[in-house]
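Novice: I'd like to ask some things about the structure below.
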Amino acid sequence: MDNQQWIAAAEDFAKSELSRDTTGHDWFHTDRVRNTAALIAGMEGADVLTCTIAALLHDVADEKLNTSKEAGLLKVHNWLEQHLADEERIRHIMLIIETMSFSGGGGTPMSTLEGQCVQDADRLDALGAIGIARTMVFSGAKGRPVYDPDLTPRDESLQKEYRDYSKGTAVNHFYEKLLKLKDLMNTSYGRKLAEERHDFMLLYLEQFYKEWNQGSQKLL
Ligand code: ADP
Ligand code: NI
Numbered sequence: 001m002d003n004q005q006w007i008a009a010a011e012d013f014a015k016s017e018l019s020r021d022t023t024g025h026d027w028f029h030t031d032r033v034r035n036t037a038a039l040i041a042g043m044e045g046a047d048v049l050t051c052t053i054a055a056l057l058h059d060v061a062d063e064k065l066n067t068s069k070e071a072g073l074l075k076v077h078n079w080l081e082q083h084l085a086d087e088e089r090i091r092h093i094m095l096i097i098e099t100m101s102f103s104g105g106g107g108t109p110m111s112t113l114e115g116q117c118v119q120d121a122d123r124l125d126a127l128g129a130i131g132i133a134r135t136m137v138f139s140g141a142k143g144r145p146v147y148d149p150d151l152t153p154r155d156e157s158l159q160k161e162y163r164d165y166s167k168g169t170a171v172n173h174f175y176e177k178l179l180k181l182k183d184l185m186n187t188s189y190g191r192k193l194a195e196e197r198h199d200f201m202l203l204y205l206e207q208f209y210k211e212w213n214q215g216s217q218k219l220l
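The structure is reproduced here in structure tokens:
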């Protein structure tokens with residue numbers, strides 16, 4: 001198999017595994033992560049092929065789509081063994097996917113440049129306009145409300161501290177995770193892309209609270 005055939009086979013595998021998902025892990029998420037990972041890899045001088053395959057397969061192993069994390073990882077490993085003879089590349093791709101699935105919000109640091117590019121691309125897809133849409137879809141799928149003023153302090157200075165709030169609304173997720181991701185970026189190009197999306201989310205929240213509170217000074 002040449003590289004193009006190999007990428008096409010990985011695309012087919014990811015599409016067939018992810019096509020059923022409705023919680024933000026659909027094929028288009030994977031496709032965006034693959035494109036962004038390759039873009040960052042090009043800017044950072046990383047191996048684009050390893051980034052592309054790792055990005056295409058990164059959510060196939062997700063525990064939400066498998067009986068366990070281990071079962072998901074085994075499925076990806078078996079697929080790689082069947083499609084590629086390069087043991088070193090298989091080991092590297094597995095390392096990237098394992099670190100991404102076990103670190104979640106950012107526990108285990110990503111040790112290779114390629115892994116850093118793919119992780120940045122995955123985090124970028126949680127930010128900006130698309131990140132907001134995914135958060136709303138995910139929250140709806142879990143039965144969480146968009147917003148509840150009693151669960152998020154109205155006080156602007158508290159909101160700006162990005163404190164951890166344990167209560168589950170879509171708006172809380174911005175403070176729990178999304179607004180923290182910019183400072184967790186691994187690569188300088190990833191950080192640059194994150195800044196624009198971060199600023200857009202701040203603007204979105206400002207407008208959201210403005211609309212929510214419009215007319216709340218009751219005249220009667
Ligand atoms: P990924 O595997 O792509 O990093 P996750 O599985 O963590 O993403 O989440 C999928 C999408 O749902 C992301 O956009 C994420 O921000 C959003 N999400 C995750 N947890 C929550 C939550 N508790 N409330 C709202 N949205 C969430
Ligand atoms: Ni992902």
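According to the UniProt record's numbering, the sequence shown is numbered sequentially starting from 1. Cβ coordinates follow ideal geometry from the N, Cα and C atoms, glycine included.
What are the start and end residues of the alpha helix (DSSP H) that includes V60?
Specialist: For the purposes of this step, residue 60 is identified with residue 60 of the sequence shown, where counting begins at 1. Looking at the DSSP string, V60 is not in any alpha helix (DSSP H), and its letter there is neither H nor E.
Novice: Using a 10 Å radius around the Cβ and a threshold of 16 neighbouring Cβ atoms, would you call K182 buried or exposed?
Specialist: Against the sequence shown, residue 182 aligns to sequence position 182. With 16 or more other Cβ atoms within 10 Å, it is buried.
Novice: If I measure Cβ to Cβ from E11 and keep anything under 7 Å in the same chain, skipping five residues before and after, which residues do I get?
Specialist: Within the sequence shown, numbered from 1, the residue matching residue 11 stands at position 11. Within the same chain, E11 has close Cβ partners L56.
Novice: Compare the Cα-Cα distances from residue 232 to each of G190, E81, Q217 and report the closest residue.
Specialist: Outside the displayed span of the chain (1 to 220) sits residue 232, for which this structure offers no information.
Novice: Would you say the beta carbon of L84 is closer than 7 Å to some non-hydrogen atom of the ligand ADP?
Specialist: Counting from 1 along the sequence shown, the entry for residue 84 is found at position 84. No, the Cβ of L84 stays beyond 7 Å of every heavy atom of the ligand ADP.
Novice: Quick one: is D164 buried, meaning 16 or more other Cβ sit within 10 Å of its Cβ, or exposed?
Specialist: To locate residue 164, count along the sequence shown from 1; it is residue 164. Because D164 sits at a pLDDT of 45, beneath the cut-off of 50, its placement in the model cannot be relied upon, and the following sentence gives the value as read from the coordinates. Exposed.
Novice: Near the ligand PLP, which residues have their beta-carbon less than 5 Å from any of its heavy atoms, given in chain order?
Specialist: With respect to the ligand PLP, the structure shown offers nothing to examine, as its ligands consist of the ligand ADP and the ligand NI.
Novice: Does the ligand ADP have even one heavy atom less than 7 Å from the beta-carbon of L178?
Specialist: The residue given as residue 178 occupies position 178 in the sequence shown. The ligand ADP approaches L178 closely enough that one of its heavy atoms is under 7 Å from the residue's Cβ.
Novice: Taking 7 Å as the cut-off, is the C-beta of F208 nearer than that to any heavy atom in the ligand ADP?
Specialist: Within the sequence shown, residue 208 is the residue found at index 208, counting from 1. No; taking the cut-off as 7 Å, the Cβ of F208 has no heavy atom of the ligand ADP nearer than that.
Novice: Taking the continuous alpha helix (DSSP H) assigned at K142, which residues delimit it?
Specialist: What you label residue 142 is simply residue 142 of the sequence shown in a count that begins at 1. Premise fails: K142 is in no alpha helix (DSSP H) and is neither H nor E.
Novice: Under 7 Å from any heavy atom of the ligand ADP, does the C-beta of T108 make it?
Specialist: Position 108 of the sequence shown holds residue 108. Not under cutoff, so the answer is no.
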